[in-house]
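>
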Amino acid sequence: DGGITQSPKYLFRKEGQNVTLSCEQNLNHDAMYWYRQDPGQGLRLIYYSQIVNDFQKGDIAEGYSVSREKKESFPLTVTSAQKNPTAFYLCASSIRLTSGSDETQYFGPGTRLLVL
Amino acid sequence: RKEVEQDPGPFNVPEGATVAFNCTYSNSASQSFFWYRQDCRKEPKLLMSVYSSGNEDGRFTAQLNRASQYISLLIRDSKLSDSATYLCVADNYGQNFVFGPGTRLSVLP
Chain A
143 DGGITQSPKY LFRKEGQNVT LSCEQNLNHD AMYWYRQDPG QGLRLIYYSQ IVNDFQKGDI
203 AEGYSVSREK KESFPLTVTS AQKNPTAFYL CASSIRLTSG SDETQYFGPG TRLLVL
Chain B
1181 RKEVEQDPGP FNVPEGATVA FNCTYSNSAS QSFFWYRQDC RKEPKLLMSV YSSGNEDGRF
1241 TAQLNRASQY ISLLIRDSKL SDSATYLCVA DNYGQNFVFG PGTRLSVLP
């Protein structure tokens, strides 16, 4: 089945630890995104990538890092510099990121990150 | 001022009621608009795109007013299964896909 997968569903982080959230898509989409959602809040953009080996900071990139070595994969690392990492992390993809294209974003099931 | 604003609700309505959600956006360069539905502790799922001329999908109708920078979603004959949070999105050719905070709907039996 085509879609976006995220793992793990739940992740626990200890103080000072870096953790990596996985996002994979088999939709052949060029663009991928990471969002953070806090309880009762909307989604905030962390990073996005329009093409392999390229990515851009979103509104709240501090304390996070990403890579885009393959079209299908866009992992997010939550570093120890992120002081308030507890949130619901959502990965999304869209066909491409150009004018006139279908910009609709499709989401993975999300990863809940909790700090111990 | 937030780029996309919505009434947070909650809207508590009886089954069969008609309910309308409003959304305003501040970026006049926004070109594409969407409504997403998000169930509790789940990912957002696309409900419908919003076209300039307005569009309808079954019980759902979306309207766009570019002059007022205003989007609406109308749900007719509400079902229990419509209970969710509805997220409004404004997009500038994918360069600035901005979500509103969402409006929570509870449809009561």
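Residue numbers (the working numbering), protein chains in the order written: chain A, 143 to 258; chain B, 1181 to 1289. We treat Cβ as the ideally placed atom computed from N, Cα and C, and that holds for glycine.
1) If you drop the 5 nearest sequence neighbours on each side, which residues of the same chain put their C-beta closer than 6 angstroms to that of residue 1284/B?
2) I need the straight-line Cα distance from residue 1235/B to residue 154/A, nearest angstrom please.
3) At what residues does the beta strand (DSSP E) containing residue 146/A begin and finish?
4) What is the residue span of the beta strand (DSSP E) that residue 1257/B lies within?
5) If you follow the beta strand (DSSP E) that residue 1235/B is in, where does it begin and where does it stop?
6) Of the choices 1210/B, 1228/B and 1282/B, whose alpha-carbon is the least far from that of residue 1203/B?
7) Contact defined as beta carbons within less than 8 angstroms: I believe residue 223/A pairs with residue 177/A. What is the distance between those atoms, to the nearest angstrom?
8) Near residue 1219/B, what residues of its chain come up, given a Cβ to Cβ distance below 6 angstroms and the 5 sequence neighbours on each side ignored?
9) Does DSSP put residue 306/A in a helix, in a strand, or in coil?
10) Counting only the same chain and skipping the five closest in sequence on each side, list residues whose C-beta sits under 6 angstroms from that of residue 1201/B.
11) I'd like to confirm the pairing. Which residues does DSSP put opposite residue 1286/B in its beta bridges?
12) Going by alpha carbons, who is nearest to residue 208/A out of 225/A, 187/A and 246/A?
13) So, for residue 160/A: in the same chain, excluding its five sequence neighbours on each side, which residues have a beta-carbon less than 8 angstroms away from its beta-carbon?
14) Along chain B, in chain order, which residues have C-beta atoms closer than 9 angstroms to that of residue 183/A?
15) At a cut-off of 7 angstroms, would you count residue 175/A as near the ligand HEM, judging by its Cβ distance to the nearest heavy atom?
16) Buried or exposed for residue 1231/B, please, with buried defined as at least 16 other CB atoms from any protein chain shown within 10 angstroms of its CB.
17) Run down chain A in chain order and give the residues with a C-beta less than 7 angstroms from the C-beta of residue 1290/B.
To lay it out plainly:
1) Within the second sequence, residue 1284/B is the residue found at index 104, counting from 1. Counting only Cβ-Cβ distances below 6 angstroms, and skipping sequence neighbours, we find 1189, 1190 and 1265.
2) On the second sequence, position 55 is the one that residue 1235/B refers to. On the first sequence, position 12 is the one that residue 154/A refers to. Straight-line Cα distance between these residues: approximately 43 angstroms.
3) As a working note, residue 146/A is residue 4 in the first sequence. 146-149 is the extent of the beta strand (DSSP E) around residue 146/A.
4) Here the question's residue 1257/B lines up with position 77 in the second sequence. Here residue 1257/B belongs to no beta strand (DSSP E), and DSSP marks it neither H nor E.
5) One-based indexing of the second sequence puts residue 1235/B at position 55. Note, residue 1235/B: beta strand (DSSP E), 1235-1237.
6) To locate residue 1203/B, count along the second sequence from 1; it is residue 23. Considering only alpha carbons, the answer is 1282/B.
7) Locating residue 223/A in the first sequence gives position 81, counting from the first residue. Locating residue 177/A in the first sequence gives position 35, counting from the first residue. That pair is no contact at about 19 angstroms.
8) Along the second sequence, one-based indexing puts residue 1219/B at 39. Here the set comprises 1264.
9) The shown model of chain A, from 143 to 258, leaves out residue 306/A, and the question about it has no answer.
10) Walking along the second sequence from the start, residue 1201/B turns up at place 21. Only 1253, 1266 and 1283 meet the Cβ criterion.
11) Locating residue 1286/B in the second sequence gives position 106, where the first residue counts as 1. 1192/B.
12) In the first sequence, counting from the first residue as 1, residue 208/A sits at position 66. Of the listed residues, the one whose Cα sits closest to residue 208/A is 187/A.
13) Residue 160/A sits at position 18 when you count from the first residue of the first sequence. Taken in chain order, the residues that qualify are 219, 220, 221 and 222.
14) Mapped onto the first sequence, residue 183/A falls at position 41. Neighbours of residue 183/A on chain B, chain order: 1281 and 1282.
15) For the structure depicted, the ligand HEM is absent and the ligand set is empty, with no information on it obtainable.
16) Taking the second sequence and counting its residues from 1, one reaches residue 1231/B at position 51. Answer is exposed; the Cβ neighbour count stays below 16.
17) The question about residue 1290/B has no answer here: the residues shown for chain B are numbered 1181 through 1289.
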